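Input: a single structure, listed below in structure tokens.
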């Protein structure tokens, strides 16, 4: 109706390389964001003072650590999970800062809207919780998963098959797809409203609709910040829950 | 409906602001399968793995330990302060109980002193009142005797004159002189007996 | 996927028969993608609504266990939402791949 010309999706999510075309170390915007998601938390942790009475940046840093302990580890695993704090904290920080670049000007792209990082993180989560299960229960972990003792004998093959599928395929798949699709959907939403704003702006009298579309864009930006946080939280929480179910398989 | 040139420009602008200028489907690094928005690009994954691993090692060995140390220190300090506070609170409780005891003793002593003082004051008052009453009575008696003395004196001083008057009056009435001492003594006798007069 | 695509293809044929094959494929792909995402959003929409409603009820009845309920609510939302997101991925695949 407005003659809206939507850019092709490749233009929204695929970025030209800065160098190293065709090589594995080819660096594009996603790689830059990954590196920034490494650098920003490092700098935050290093710059923050270490004092008994915290203030400023130290509050934020300790707040993040405390958040992972109190809201992720304690509800999912209890005190026995405190030794997985570094892993879960790293996952949270990496995902959160990767997501946050969705709303940071000049980047405007969440690193996790590309499948690479979510896939890697989901596979890492799979490796971590399976290896923790093997370490805690030995081969019985696999046996308990494939031949669950808590159901009647007749149902065991079926439930065991479902459990195997769940543990080894569905969980990492759902982890990766959840993060990826949430961030991609948010990015497409923001781009759609951005394009809509520009089209309305150049469409003569229809410009009176601009406050509506622009207000919606602002609201969605705030919402996407919330989603960035929520997805990082959910990813860390689900990893914690999966680790707990490996430690205590009979549920 | 919309000027196509303007549309072109606006979409160009949107594309420039929000997306890459060209679709780099052919230039994805490393990966053989391309041009799907879902398929992961291997170069992006390379940088992601590199960054994540570095961040994990940093968090594990460099970044997190100081934060945890200071949090433990703070927890220990807070615990110590809490213990000290509860110790001080119990001290305060015992001290205040002591003070309460002393206060009770002092209050009892004060009561005794007050009672004594009150009794003394009462005795003093009784004494003073008694003395005052006695004085008043004495004064009243003194006044009464004075009054009666005066009256007797007045009567005594009046008596000869009254006798003279009575003798004179009787002389006029009888028409003869009654200057005898017998008459006079009789008059005196009469006057001296007040029951005869009013 | 193919059923949806064929339905959408028929819709496109009925709507205008002078499409070229390429345009028809694009239109049917877009229509199928829209249908795929729309259908995939129904179930999770109901599910998340029910889930959050029950969680809020639980928090109102027992405010002292609100933390646990909230954590479990987010877990449930994450699991339920995954279905809708798979629908979204199918949408992307149909529309662009």
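Chains as they are written, first to last, in our numbering: chain A, 1 to 251; chain B, 252 to 449; chain C, 450 to 546.
Glycine included, C-beta positions come from ideal geometry on N, C-alpha and C.
All figures in this text were calculated on a predicted structure; none of them were measured in a lab.
Close CB contacts of residue 410/B within its chain, under the 8 Å cut and outside five residues either way in sequence, are with 439, 442, 443 (chain order). For the alpha helix (DSSP H) assignment, the uninterrupted runs of no fewer than 4 residues enclosed by the segment 467–536 of chain C are, from N- to C-terminal side, 470–510.
In this structure residue 539/C does not touch residue 457/C by the C-beta definition: roughly 13 Å separates them, more than the 8 Å allowed. Pairwise C-beta distances place the segment 200–219 of chain A out of contact with the segment 130–145 of chain A, as fewer than three of them are shorter than 8 Å. Pairing residue 418/B with residue 435/B gives a Cβ-Cβ distance under 8 Å. Annotated as distal: residue 320/B and residue 86/A, with beta-carbon spacing of 8 Å or more. Chain A places a beta carbon closer than 8 Å to that of residue 534/C, counting this residue as a contact. By the C-beta criterion, the segment 184–204 of chain A is judged not to be in contact with the segment 233–244 of chain A, since fewer than 3 inter-stretch pairs fall below 8 Å.
For residue 476/C, the closest Cβ of chain A is not nearer than 8 Å. Of the candidates 501/C, 452/C, 478/C, 501/C places its Cα closest to the Cα of residue 528/C.
Residue 27/A sits in a strand when the DSSP states are folded into three classes. For residue 539/C, no CB of chain B lies under 8 Å from its own CB, so it is not counted at the interface with that chain.
Under the three-state reduction of DSSP output, residue 19/A falls in the strand class. Neighbours of residue 543/C across chain B, judged by C-beta separation under 9 Å, do not exist; the nearest C-beta is about 11 Å away.
Close to chain B, meaning a Cβ-Cβ distance shorter than 8 Å, are the following residues of the segment 106–120 of chain A: 108, 111, 114, 115, 116, 117, 119, 120.
Rounded to whole angstroms, residue 322/B and residue 494/C show a C-alpha spacing of 42 Å. Residue 543/C and residue 307/B have their alpha carbons spaced roughly 37 Å apart.
Put simply, the backbone Cα of residue 481/C is about 52 Å away from that of residue 48/A. In the structure shown, residue 309/B falls within a helical segment according to DSSP collapsed to helix, strand and coil. Contacts with chain A (Cβ-Cβ distance below 7 Å) from the segment 316–340 of chain B involve 317, 318, 321, 322, 324, 325, 328, listed in chain order. Nearest to residue 238/A by alpha-carbon distance, out of 102/A, 147/A, 106/A, 71/A, is 71/A. Put simply, the backbone Cα of residue 391/B is about 12 Å away from that of residue 383/B.
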